[in-house]
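As given, the protein sequences belong to chains A and B, one line each in that order. All the letters of the first sequence, read from the start, carry residue numbers 3 to 307 under the numbering used here. All the letters of the second sequence, read from the start, carry residue numbers 21 to 268 under the numbering used here. Beta carbons are placed, not taken as given, at the ideal position from N, Cα and C, and that holds for glycine. As the structure is a prediction and not an experimental result, all values here were calculated from the model.
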Amino acid sequence: MLTALDKKLLEEVADLHDQPPGAYNIRKDGEGIERRSLEGIEIKTKKDQPGIDVIVAAGKEGSVHIPVILTETDLSDLVYNTIDIGEGADIKLVAGCGIHNPGSGNAQHDGVHKIIVRRGARLSYSEKHFGEGDGGGRRVLNPKTILMIEEEAYAELELVQVRGVDETERITKVEVKAGGRLVMFERLLTDGEQTANSDIAVKLMGEESTARIISRSVAQGNSSQSFTPRLMAYGAGRGHVECDSIIMDQAKVRSVPEIWAGNAEAELVHEAAIGKIAGEQLVKLMSLGLTEEEAEEAIISGFLK
Amino acid sequence: MFTFENITLEFTVEEKKVPILHDIDLQLEAGKMYALTGPNGSGKSSVARVAMGIYQPTEGRLFYKDEDITSLSITERARRGIGYAFQQPARFKGMQVKDMLEYAFQHSDGVNCQVLRQIGLCPDDYLERTLDTSLSGGEMKRIEIATLLARNPKVRIFDEPEAGIDLWSFEQLIDVIGDSHREDTTTVVISHQEKILNMVDEIILMEDGQIKLRGDRETVWPQIKESTLCSCRTACRLGEEIYADCPR
Ligand SMILES: Nc1ncnc2c1ncn2[C@@H]1O[C@H](COP(=O)(O)OP(=O)(O)OP(=O)(O)O)[C@@H](O)[C@H]1O
Ligand SMILES: [Mg+2]
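What follows is the structure in structure tokens.
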């Protein structure tokens, strides 16, 4: 049975108001509590490690929700999930982790996702992180995503952390084969004493492989952020990395995009910017009647949308 | 009535004081349309920015409906019914046209797509577009004008609304500005366009941060021609050595 708190967390991280429409697996406080497999989308418990295997048959279309929620304090949850998207399939996968830490101990979730998007398949993957709780305990999330995009396959990753996560170490590794395409959006907001590190490594392995990485962040309070996206072209691939941060208060942001090419046909571009909210943007919204605070809020929520 | 009383504006650039506006005295009446014109850099946008509260004058006072608004914030002025369509609209990453219009409508009445249609953009094509570099200059400009129309303020200042707008939309734009003008609104159009100068009740000509002349078209028009067309040649004659590179 899902409690009201469970439902709230699920809504925050997976937009779930009700039972998920397609296949799903809900993990709570270190255990799977609800699951539904469908024809062509099989969800199995791993035998050797904590976690699940999600196996999508070739050509299958549909959605899979695999959210994780933590509602206890002094809990460290480590999980390994393997997701296999069959050739030509078209899948929307919603992961995400919501933590409500009621006590003063740590609540930590380390999720390792290994995903393969087979030849010609499409995957839209969304992972949202959210934390809350007023017991003073830390909320820690360390997601590691290892993604293989096969020939002519397409993957779109949306990684979002908007509020309440005290500490996050995010590692994302992607390999893109010939004709494969990756689009990755990362959005992050930190406040207070929070820290967030994101390390992304994308390898373009084959001809006509492409990658677009767009990272947007807002750092408030005394928080600190560090981004190190690396884009490496082993084959004749094309890629673009864009890191854009709004810095406020006493926050610190470090942004080090790196590009590397080992192929004369490769084309890679990186851009990085850190700056405060533009004065002209504030002034425009205030001239429409918004207060300065409302204007800041509007600019940030648009920026992170 | 919107009144500028001895407004002086100075900026400090590299520890030096740079005068921008000098002793501006201006009364703008409700129900009237004004054109504010003059050479580039003469201070037209600065006047608008002082009115909106974006620039704080170094000296002087501003009154709106007998209230001293000199120390009011931009927000407070907006809520009292003062509006400004910027010369160079700000771009916003991630913000959609419909968000901006919603903000614009928030402190006035009525929400519809009519304002987009009015300025010649199909709502279906534009409501979900993002106000970033993916919109052209002319599109940004039209949306900027739409946000002012959406707010429907009592004092409305359009800063070179024609800039970047293509020729055949220009006529339509003039109509929209003219039609939106009411008996209780004060409309100020900053412009260099003859068509706009022809449609207003009064023209205010600026030069070097001062009001050089104001009056109806017949009085001001001959002076404008002279002032804008001759400024370069006059400058060259005034100081050959300083303006040696000035094209003749
Ligand atoms: N924020 C600022 N800091 C320093 N100087 C400024 C600032 N804003 C305006 N100025 C200067 O004030 C003068 C008047 O500028 P303003 O933008 O008001 O001119 P304008 O008449 O609107 O010109 P244009 O026709 O080119 O739009 C210019 O010399 C400009 O460089
Ligand atoms: Mg100007």
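According to DSSP, residues forming a beta bridge with residue i
i, result
"A/E177", "A/M150, A/K205"
"A/C99", "A/V70, A/H131"
"A/C245", "A/S217, A/A274"
"A/K116", "A/T84, A/I148"
"A/E2", "Beyond the ends of chain A as shown, which are 3 and 307, falls residue 2 of chain A; an answer cannot be given."
"B/F22", "B/L48, B/Y84"
"A/K94", "A/S65, A/S126"
"B/G235", "B/I223"
"A/H111", "A/D79, A/L143"
"A/N265", "Answer is none; A/N265 lacks a bridge partner."
Per-residue contacts from residue i into chain B (C-beta, under 7 Å)
i, result
"A/E282", "A110"
"A/M250", "In chain order: nothing, as chain B lies at least about 16 Å away."
"A/V285", "I74, I94"
"A/F305", "K113, G114"
Under 9 Å by beta carbon: chain A residues contacting residue i
i, result
"B/Q76", "The contacting residues do not exist; B/Q76 stays about 12 Å from chain A at best."
"B/R162", "Correct list: empty, because the minimum Cβ distance to chain A is about 15 Å."
"B/M21", "Under the 9 Å cutoff, chain A gives no residues; its nearest Cβ is about 21 Å from B/M21."
"B/A124", "L290, G291"
Exposure of residue i, with buried meaning 16 or more beta-carbon neighbours within 10 Å
i, result
"A/A109", "buried"
"A/R165", "exposed"
"A/T47", "exposed"
"A/G277", "exposed"
"A/A6", "exposed"
"B/V38", "exposed"
"B/T254", "Note on B/T254: pLDDT 47, under 50, position unreliable in the model; the coordinate value appears next. It is exposed - the Cβ of B/T254 has fewer than 16 other Cβ atoms within 10 Å."
"A/A275", "exposed"
"A/F229", "buried"
"B/K36", "exposed"
"B/L301", "Because chain B is modelled from 21 through 268, residue 301 of chain B falls outside the range shown and cannot be assessed."
"A/H19", "exposed"
"A/M3", "exposed"
"B/S62", "buried"
"A/A97", "buried"
Beta-carbon spacing of residue i, residue j below 9 Å
i, j, result
"A/F187", "A/E14", "no"
"A/L143", "A/T170", "yes"
"A/L270", "A/A280", "no"
"B/E164", "B/L141", "no"
"B/I40", "B/G80", "no"
"B/S66", "B/L29", "yes"
"A/R218", "A/L125", "no"
"A/P231", "A/V243", "yes"
"B/Y123", "A/L159", "no"
"B/I74", "A/S289", "yes"
"A/I302", "A/L284", "no"
"A/A157", "A/G182", "yes"
"A/R140", "A/E134", "no"
"B/L56", "B/T206", "no"
Given residue i as reference, the closest of the options once Cα atoms are compared
i, options, result
"A/A16", "A/I71, A/A157, A/A60", "A/I71"
"B/D236", "B/I216, B/E227, B/G229", "B/I216"
"B/F112", "A/K286, A/L292, A/R140", "A/K286"
"B/I295", "B/F125, B/D86, B/L169, B/I185", "Here chain B comprises residues numbered 21 to 268, so residue 295 of chain B is not present and cannot be evaluated."
Chain-ordered neighbours of residue i on chain B, where CB pairs are closer than 8 Å
i, result
"A/I301", "F112, M115"
Under 7 Å by beta carbon: chain A residues contacting residue i
i, result
"B/T206", "Here the premise fails: no neighbours, minimum Cβ distance about 16 Å."
"B/Y146", "Those within 7 Å of B/Y146 in chain A number zero; the least Cβ separation is about 16 Å."
Contacts that residue i makes with chain A (C-beta to C-beta distance below 8 Å)
i, result
"B/R99", "G291"
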